[in-house]
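Asks:
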Amino acid sequence: MPELPEAETVRSQVEPHVVGATIIESWAKTPHLTSPSVSEFIERTRGQKIVAAKRRGKQIYFPLENGDNLLVHLGMTGKLSIEDDSEWKPEELHRHVHGVWRLSNGKRWVFTDPRTFGELAVSRDLPFLTKMGPEPLDEDFPVEELVEKLGRKNVKIKAAILDQSLIAGLGNIYADEACFRARIHPETRASAISEDKLRELLGHMRPILEEAIQGRGSTLKDGGYQDANGDYGTFRPQMYGRTGLPCVICETPVQRGVLGASKSARSFHFCPSCQKL
DNA sequence: CTGCTGTCCTGTACGC
DNA sequence: TGCGTACAGGACAGCA
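Numbered according to my numbering, the first sequence spans residues 5 to 281.
Right under this line is the structure:
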């Protein structure tokens, strides 16, 4: 599923094709993932020149020449791809295509999302820039400030590091990975973890994410994630999706657990020997 | 404010 | 074989 490394991979792959190009035709169709509305989205993106390709956390956005921004969130199953343009009719598009932009450079830019947890938007403001927590990849990632914040949290540590307002970009895969590398059980209360251990956890985030970006993200055994070229990511998590397989450190079978109530459950993966409660 | 739950969606996997 | 059901989870609304 797309988290920071997958979003960064897609952003960097799309960047050379879209920056400097003008959207000569814009098309969208799905009201519940398009804002402010399908018609306004189309009107405000058509004719605009794309001036940059940026990312914040898992959010990808493209500043436009007139000051608006085209926002794309990949959600669970969203994909952006660049194709050679040709004549097409909306009724011929695959049902999971939710956005198409024809560009002045002869390319066609397509957003697909089977589960429609993604988002398309055109927006002048970017409230997530300030609402979102710091970027783990930034040089000045404020470890000491986060140690203090986490130390006041009574939630389980995995829930805390998934909270985008605290730290930007981690999802289920990389949160499990960070807990494992720091030898912390994902259900440990954040406030019960020593400051040194929290520093260690925070310190693992950047290397994990950088490694994952090097591999163009993670594609799990469901084959769900593909980058903008349609290729699979090659980063292999050591915990996520490895239930029952041996821990890479001690060979104890990896266990799967569930955070939260059944309807809103999130799975977590851990080594019961390396990560004790 | 904090922490927790339900909700949205559909392709895939699995049990009977 | 075919059907029904569980499962995957990012972000946010709503509640105590």
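We treat Cβ as the ideally placed atom computed from N, Cα and C, and that holds for glycine.
Quick caveat, the model's predicted, so the values are computed rather than measured.
Bridge partners of residue 67, per DSSP?
Replies: By one-based count along the first sequence, residue 67 stands at place 63. DSSP output for residue 67 lists 73 as bridge partner(s).
Asks: Does at least one heavy atom of the ligand MG sit under 7 Å from the Cβ of residue 39?
Replies: Looking for the ligand MG in the displayed structure turns up nothing, as the structure carries no ligands at all.
Asks: My output table needs one value for residue 129: the three-state DSSP class, helix, strand or coil.
Replies: By 1-based counting over the first sequence, the position of residue 129 is 125. Reduced to three states, the DSSP call for residue 129 is coil.
Asks: Measuring alpha carbon to alpha carbon, tell me which residue in 207, 206 and 231 is nearest residue 218.
Replies: Here residue 218 is taken as the residue at index 214 of the first sequence, counted from 1. The option with the nearest alpha carbon to residue 218 is 231.
Asks: Under 8 Å, with one C-beta from each stretch per pair, do the segment 176 to 185 and the segment 231 to 248 reach the 3-pair mark?
Replies: Judged by Cβ distances under 8 Å, the segment 176 to 185 makes contact with the segment 231 to 248, as three or more pairs qualify.
Asks: Using DSSP with H/G/I as helix, E/B as strand and the rest coil, what is residue 276?
Replies: Taking the first sequence and counting its residues from 1, one reaches residue 276 at position 272. Here residue 276 sits in coil by DSSP.
Asks: Using only alpha-carbon positions, find the residue among 201, 254 and 32 that is nearest to residue 117.
Replies: Reading the first sequence from its first residue, position 113 is the one you call residue 117. If we check each option's Cα against that of residue 117, 32 comes out closest.
Asks: Beta carbon of residue 146, beta carbon of residue 173: below 8 Å?
Replies: What you label residue 146 is simply residue 142 of the first sequence in a count that begins at 1. What you label residue 173 is simply residue 169 of the first sequence in a count that begins at 1. The answer is no: Cβ separation not under 8 Å.
Asks: Expressed to the nearest angstrom, what Euclidean distance is found between the alpha-carbon atoms of residue 69 and residue 102?
Replies: What you label residue 69 is simply residue 65 of the first sequence in a count that begins at 1. What you label residue 102 is simply residue 98 of the first sequence in a count that begins at 1. Straight-line Cα distance between these residues: approximately 23 Å.
Asks: Give me the residue from 114, 19, 171 and 160 with the minimum Cα distance to residue 134.
Replies: Within the first sequence, numbered from 1, the residue matching residue 134 stands at position 130. Ranking the options by Cα distance to residue 134, first place goes to 171.
Asks: With DSSP as the reference, please indicate the residues paired to residue 250 in a beta bridge.
Replies: For the purposes of this step, residue 250 is identified with residue 246 of the first sequence, where counting begins at 1. BP columns for residue 250 point to 257.
Asks: Taking Cβ to Cβ, would you say residue 186 is nearer than 8 Å to residue 155?
Replies: Stepping through the first sequence from its first residue, residue 186 is reached at position 182. Stepping through the first sequence from its first residue, residue 155 is reached at position 151. It is not a contact, given that the beta carbons lie outside the stated cut-off.
Asks: When DSSP labels each residue in this structure, what does residue 153 get in the three-state scheme?
Replies: By 1-based counting over the first sequence, the position of residue 153 is 149. Residue 153 falls in the helix class under three-state DSSP.
Asks: Provide the residue span of the beta strand (DSSP E) that contains residue 87, from first to last.
Replies: The sequence position of residue 87 within the first sequence is 83, counting from 1. Segment 83 to 88, the beta strand (DSSP E) holding residue 87.
Asks: Could you pull the DSSP bridge partners for residue 59 from this structure?
Replies: The residue you call residue 59 lines up with position 55 of the first sequence. DSSP output for residue 59 lists 64 as bridge partner(s).
Asks: Which two residues bound the contiguous beta strand (DSSP E) that contains residue 49?
Replies: Counting from one through the first sequence, the residue named residue 49 turns up at place 45. Not the beta strand (DSSP E): residue 49 falls in the alpha helix (DSSP H), residues 42 to 49.
Asks: How is the beta strand (DSSP E) around residue 32 delimited, first residue to last?
Replies: In the first sequence, counting from the first residue as 1, residue 32 sits at position 28. Start and end: 27 to 32.
Asks: Between the Cα of residue 234 and the Cα atoms of 115, 37 and 143, which residue gives the shortest distance?
Replies: Residue 234 sits at position 230 when you count from the first residue of the first sequence. Comparing Cα positions, the closest option is 115.
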